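Report on one structure; see the data block that follows.
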Amino acid sequence: KAGVTQTPRYLIKTRGQQVTLSCSPISGHRSVSWYQQTPGQGLQFLFEYFSETQRNKGNFPGRFSGRQFSNSRSEMNVSTLELGDSALYLCASSSDGRGSTDTQYFGPGTRLTVL
Amino acid sequence: AQSVTQLDSHVSVSEGTPVLLRCNYSSSYSPSLFWYVQHPNKGLQLLLKYTSAATLVKGINGFEAEFKKSETSFHLTKPSAHMSDAAEYFCAVNLSRAAGNKLTFGGGTRVLVKP
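Chains as they are written, first to last, in my numbering: chain A, 1 to 115; chain B, 1001 to 1115.
This is how it looks when you write it as structure tokens:
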């Protein structure tokens, strides 16, 4: 099976702009989660989508949003970009996330740079 | 509150010698614990996970970890380090008690392997 794919791999934006990142999960996986990785804050959970519904949410401001489509593909959007949003954004998928033991498989990430 | 602490931010070992990466967690219930590895400019790869079955968990590439409830620890070991083990390692716990995924990560341990 193909792994988790994320597009684009690299993005450069300026402050105040908005950005959309895309994630295609492993075929058959219904749960998609998003994480932000920065040198200062490490890896932080953004949100999780399952069957087109947000099921879990981290502690990020409302500028960060996401959605999931009927084919389980997911997008995340960041509006009004700030310098601190520069990070590696990782997407992870799992089969159904029925329990906390579910294994999440990560994509290669999208490197966002905000100037 | 649940959290994960990786006790060493950097570990340096010689090739062929054992590797020990330490992880402590705090949780009010029995958690699911994971170890992931991240090579430069890559996403996260699962090494192993603990899901309340056997306390000694074997993973890929010769890694294993032991869950010790009394010590709230989940340390990762490998008997003999290889140059390809140079990477950053993350311990994580799934905070979602109900269905769903919400990983909380430790700060990471960067492993340097000397020839």
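Idealized CB from N, CA, C, for every residue including glycine.
Predicted, not measured: the structure shown is a model, and the values here were computed from it.
Residue burial classification, residue i (beta-carbon count within 10 angstroms, cutoff 16)
i                       : result
residue 69 of chain A   : exposed
residue 1070 of chain B : exposed
residue 48 of chain A   : buried
residue 33 of chain A   : buried
residue 1031 of chain B : buried
residue 1029 of chain B : exposed
residue 1087 of chain B : buried
residue 55 of chain A   : buried
residue 51 of chain A   : exposed
residue 94 of chain A   : buried
residue 1026 of chain B : exposed
Beta-carbon contacts of residue i that lie in its chain and below 8 angstroms, excluding the five residues immediately before and after
i                     : result
residue 53 of chain A : 68
residue 14 of chain A : 81, 114 and 115
Residue from the options whose Cα sits closest to the Cα of residue i
i                       : options                           : result
residue 1106 of chain B : B/1024, B/1010 and B/1048         : B/1024
residue 115 of chain A  : A/103, A/84 and A/109             : A/84
residue 92 of chain A   : A/27, A/60, A/81 and A/14         : A/27
residue 1033 of chain B : A/104, A/56, A/60 and A/113       : A/104
residue 1093 of chain B : B/1102, B/1085, B/1007 and B/1087 : B/1102
residue 1050 of chain B : B/1109, B/1073, B/1085 and B/1042 : B/1073
residue 108 of chain A  : B/1026, B/1007, B/1041 and B/1068 : B/1041
residue 42 of chain A   : B/1100, B/1111 and B/1004         : B/1004
residue 1108 of chain B : B/1044, B/1013, B/1026 and B/1100 : B/1044
residue 1085 of chain B : B/1068, B/1110 and B/1026         : B/1110
residue 1008 of chain B : B/1089, B/1100 and B/1104         : B/1089
Residues near residue i in its chain [Cβ-Cβ closer than 7 angstroms; skip 5 each side]
i                       : result
residue 1015 of chain B : 1081, 1082, 1083, 1113, 1114 and 1115
residue 16 of chain A   : 80 and 81
residue 8 of chain A    : 110
residue 1046 of chain B : 1034 and 1036
residue 116 of chain A  : The structure shown has nothing for residue 116 of chain A, since chain A only spans 1 to 115.
Same chain only: Cβ atoms within 6 angstroms of residue i, ignoring 5 sequence neighbours per side
i                       : result
residue 1056 of chain B : 1066
residue 20 of chain A   : 75 and 77
residue 113 of chain A  : 12 and 86
residue 10 of chain A   : 111
residue 65 of chain A   : 77
Segment limits, beta strand (DSSP E) that includes residue i
i                       : result
residue 1159 of chain B : Because chain B spans 1001 through 1115 in this model, residue 1159 of chain B falls outside it and cannot be assessed.
residue 42 of chain A   : 42-50
residue 66 of chain A   : 64-68
residue 76 of chain A   : 74-78
residue 111 of chain A  : 110-114
residue 56 of chain A   : 53-57
residue 6 of chain A    : 5-7
Practice task
Check whether the stretch 1066-1086 of chain B touches the stretch 1017-1026 of chain B, counting contact only when three or more Cβ pairs, one atom from each stretch, lie closer than 8 angstroms.
Solution key: yes
Handout entry: Touching by the beta-carbon criterion (3+ pairs, under 8 angstroms), the stretch 30-39 of chain A and the stretch 73-92 of chain A
Key = yes
Exercise for the section: Determine, using beta-carbon pairs with one atom in the stretch 1034-1049 of chain B and one in the stretch 1058-1067 of chain B, whether at least three such pairs fall under 8 angstroms. Expected result: yes
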